[in-house]
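A.B. asks: This structure is in structure tokens; I'll ask about it shortly.
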Amino acid sequence: MSEVQRRKYSQEEKTAIFDGEFMPHIDSMYNFAFRLTFDEDDAKDLVQDTYMKAFRFINSFEQGTNAKAWLFRILKNSFINEYRKKSKQPAKVDYQEVETFYNSDDVDYQSTTDLRAESVKDMLGDEISNALNALAVDFRTVIILADLEGFTYEEMAKILDIPIGTVRSRLHRARNLLKEKLRGYAQTMGYKTDEEEE
Amino acid sequence: MENNELSSNTRKLECSDVSKCFQLLESILDGDMGEEGKDVLKEKLAKCQPCFEHYHLEQAIREVLKNKCTKQPCPEKLADSIRQMIQEIK
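Quick note, the sequences are listed as chains A and B, same order. In terms of the working numbering, the first sequence is residues 129 to 326. In terms of the working numbering, the second sequence is residues 98 to 187.
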């Protein structure tokens with residue numbers, strides 16, 4: 129992911145890299161963009177901009193390195209620089225975050241102990257998706273990168289320009305907040321949240 | 098899980114350092130601990146009930162996230178319009 133221009137690719141090489149290494153990630157890129165913007169048109173623009181930049185700066189992509197991580201880094205930077213300001217959701221999301229925080233006795237461990245693996249497995253896609261979408265953008269992002277896209281801590285550190293230790297702690301906090309939201313759904317939907325067999 | 102048959106009364110019911118243990122389990126699940134992680138995991142799951150439950154909960158959450166949150170369909174025309182824009186700036 130070095131910004132150093134190592135060499136110049138020929139026009140044919142550029143096309144080969146673009147089609148062979150960049151385009152196959154378009155579904156993941158769109159999913160990420162949509163979960164950042166919550167808007168189909170914004171997500172399309174964001175993915176399009178990312179691919180345009182990727183092509184323009186293709187000489188700084190080192191062949192054989194992780195193209196997906198390289199693309200995700202461009203997308204995330206484009207989002208921060210150009211889309212975050214006009215995103216339609218932040219006020220609402222921030223409010224929900226605060227609300228969850230104050231309505232629970234302890235955000236860390238205790239309040240999530242009664243959420244069961246079985247209840248989580250029974251949840252519908254919409255409930256899982258809504259819980260994820262309700263997280264503040266920084267927390268949502270690390271969950272998407274780690275759990276939806278399978279990036280390693282090291283790759284995430286590069287994509288987000290933060291130290292690995294920060295990746296680890298942010299992810300831990302994000303997971304606690306997500307469990308908190310899932311527990312809320314589990315209770316609302318009447319899933320079992322207590323230990324019954326003991 | 099292969100450890101499911103173990104009855105829970107062979108495990109301790111209180112975890113002495115929940116916060117540290119859980120963060121460790123999460124790192125192992127994320128594949129950040131390599132081979133060393135597998136041994137630590139085996140021991141924790143065999144000996145500690147809260148760790149056992151937390152591990153399965155975390156694993157379930159990862160599975161549903163992966164299976165239920167990656168299906169946002171990418172608009173069909175998006176790839177075509179990107180290819181077209183690239184043709185124009187070549």
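Note that beta-carbon positions come from the ideal geometry of N, C-alpha and C, so glycine has one too.
Counting only C-beta atoms, is V137 of chain B closer than 8 Å to chain A at any point?
C.D. replies: It does not; no Cβ of chain A falls within 8 Å.
A.B. asks: Any chance the stretch 158-172 of chain B sits against the stretch 273-286 of chain A, with 3 or more Cβ pairs inside 8 Å?
C.D. replies: Yes, since at least three Cβ pairs between the stretch 158-172 of chain B and the stretch 273-286 of chain A fall closer than 8 Å, the two stretches touch.
A.B. asks: Using three-state DSSP, classify D222 of chain A as helix, strand or coil.
C.D. replies: Confidence is the limiting factor: at D222 of chain A the pLDDT is only 47, short of 50, which leaves the residue's position unreliable, though a coordinate-based value still follows. D222 of chain A falls in the helix class under three-state DSSP.
A.B. asks: Do you know offhand how far Q120 of chain B's Cα is from T193 of chain A's?
C.D. replies: Between Q120 of chain B and T193 of chain A, the C-alpha separation is close to 29 Å.
A.B. asks: Which residues of the stretch 183-209 of chain A have a Cβ closer than 9 Å to any Cβ of chain B? Give them in chain order.
C.D. replies: The stretch 183-209 of chain A vs chain B, Cβ under 9 Å: F183, R184.
A.B. asks: Rounded to a whole number of angstroms, what is the C-alpha to C-alpha distance between G131 of chain B and H300 of chain A?
C.D. replies: So the two alpha carbons sit approximately 19 Å from each other.
A.B. asks: For M211 of chain A, which of A:I145, A:W198, A:K136, A:V265 has the nearest alpha-carbon?
C.D. replies: The amino acid at residue 211 of chain A is misidentified as Met; the sequence shows Tyr. Here the closest residue by C-alpha is A:V265.
A.B. asks: Considering only the alpha carbon of each residue, which of A:E308, A:Y137, A:P152, A:G253 lies closest to V175 of chain A?
C.D. replies: Minimum Cα distance to V175 of chain A is reached at A:P152.
A.B. asks: Helix, strand or coil, according to DSSP, for K109 of chain B in the structure here?
C.D. replies: K109 of chain B: strand per DSSP, three-state reduction.
A.B. asks: Along chain B, in chain order, which residues have C-beta atoms closer than 7 Å to that of V175 of chain A?
C.D. replies: Residues of chain B passing the Cβ test: L175.
A.B. asks: Between which two residues does the alpha helix (DSSP H) carrying L147 of chain B extend?
C.D. replies: The sequence given here has Pro at residue 147 of chain B, not Leu. It spans 146-165 - the alpha helix (DSSP H) in which P147 of chain B sits, taken as one unbroken run.
A.B. asks: Less than 6 Å between C-beta atoms, sequence neighbours within five positions excluded: which residues of the same chain meet that for P218 of chain A?
C.D. replies: Caution is warranted here: a pLDDT of 49 is assigned to P218 of chain A, below 50, making its placement in the model unreliable, and no coordinate value can be reported.
A.B. asks: Put S252 of chain A into one of helix, strand or coil per three-state DSSP.
C.D. replies: At residue 252 of chain A the sequence reads Leu, which differs from the Ser that was named. If DSSP states are grouped into helix, strand and coil, L252 of chain A belongs with coil.
A.B. asks: In chain order, what residues of the same chain have a beta carbon less than 8 Å from the beta carbon of N209 of chain A, not counting five sequence neighbours either side?
C.D. replies: Nothing meets the Cβ criterion.
A.B. asks: Taking 8 Å as the threshold (beta carbon to beta carbon), is A274 of chain A in contact with chain B?
C.D. replies: Answer yes: the Cβ-Cβ gap between A274 of chain A and chain B drops below 8 Å somewhere.
A.B. asks: Look at the Cβ atom of K181 of chain A, then the Cβ atom of I287 of chain A, and state whether they are nearer than 8 Å.
C.D. replies: For K181 of chain A and I287 of chain A, no; Cβs fall outside 8 Å.
A.B. asks: So is M157 of chain A buried or exposed if we call it buried at 16+ other beta carbons inside 10 Å?
C.D. replies: Under this definition M157 of chain A is a buried residue.
A.B. asks: Buried or exposed: A302 of chain A, going by 16 or more other Cβ atoms within 10 Å of its Cβ?
C.D. replies: Buried: at least 16 other Cβ atoms inside 10 Å.
A.B. asks: Between the stretch 242-249 of chain A and the stretch 150-166 of chain B, do at least 3 Cβ pairs fall closer than 8 Å?
C.D. replies: Touching, yes, given that three or more Cβ pairs across the two stretches are closer than 8 Å.
A.B. asks: Thinking F183 of chain A and I186 of chain B are a contact (beta carbons under 8 Å), I'd like their distance in whole angstroms, please.
C.D. replies: With a Cβ gap of about 7 Å, F183 of chain A and I186 of chain B count as contacting.
A.B. asks: Straight-line CA distance for D170 of chain A to C171 of chain B?
C.D. replies: Each residue's alpha carbon lies about 13 Å from the other.
A.B. asks: Going straight from the alpha carbon of I290 of chain A to that of R268 of chain A, what length do you get?
C.D. replies: Cα-Cα distance, rounded: 16 Å.
A.B. asks: My guess is that Y283 of chain A and A197 of chain A are in contact by the Cβ rule of under 8 Å, so how many angstroms apart are they, rounded?
C.D. replies: According to the sequence provided, residue 283 of chain A is Glu. The question's Tyr does not apply to it. Confirmed, Cβ separation roughly 5 Å.
A.B. asks: Under 8 Å between C-beta atoms, does V270 of chain A make it to chain B?
C.D. replies: No, V270 of chain A lies away from the interface with chain B (no Cβ there is under 8 Å from its Cβ).
A.B. asks: Using a Cβ-Cβ cut-off of 8 Å (strictly less than) and excluding sequence neighbours within five positions of V270 of chain A, which residues of its own chain qualify?
C.D. replies: Only M284, L288, V295, R298, L299, A302 meet the Cβ criterion.
A.B. asks: Around the Cβ of M251 of chain A, are there at least 16 other Cβ atoms within 10 angstroms (buried) or fewer (exposed)?
C.D. replies: Counting Cβ neighbours within 10 Å, M251 of chain A comes out buried, since at least 16 surround it.
A.B. asks: On the premise that Y179 of chain A lies in contact with F200 of chain A, defined as a C-beta separation below 8 Å, what is that separation, rounded to the nearest angstrom?
C.D. replies: That pair is no contact at about 12 Å.
A.B. asks: Is the CB of G134 of chain B under 8 Å away from at least one CB in chain A?
C.D. replies: With 8 Å as the cut-off, G134 of chain B does not count as an interface residue toward chain A.
A.B. asks: Can you give me the C-alpha to C-alpha distance between V226 of chain A and K309 of chain A, rounded to a whole angstrom?
C.D. replies: Its pLDDT being 45, under 50, V226 of chain A is placed unreliably in this model, and the value from its coordinates should be taken loosely. If I take the Cα positions, the gap works out to 12 Å.
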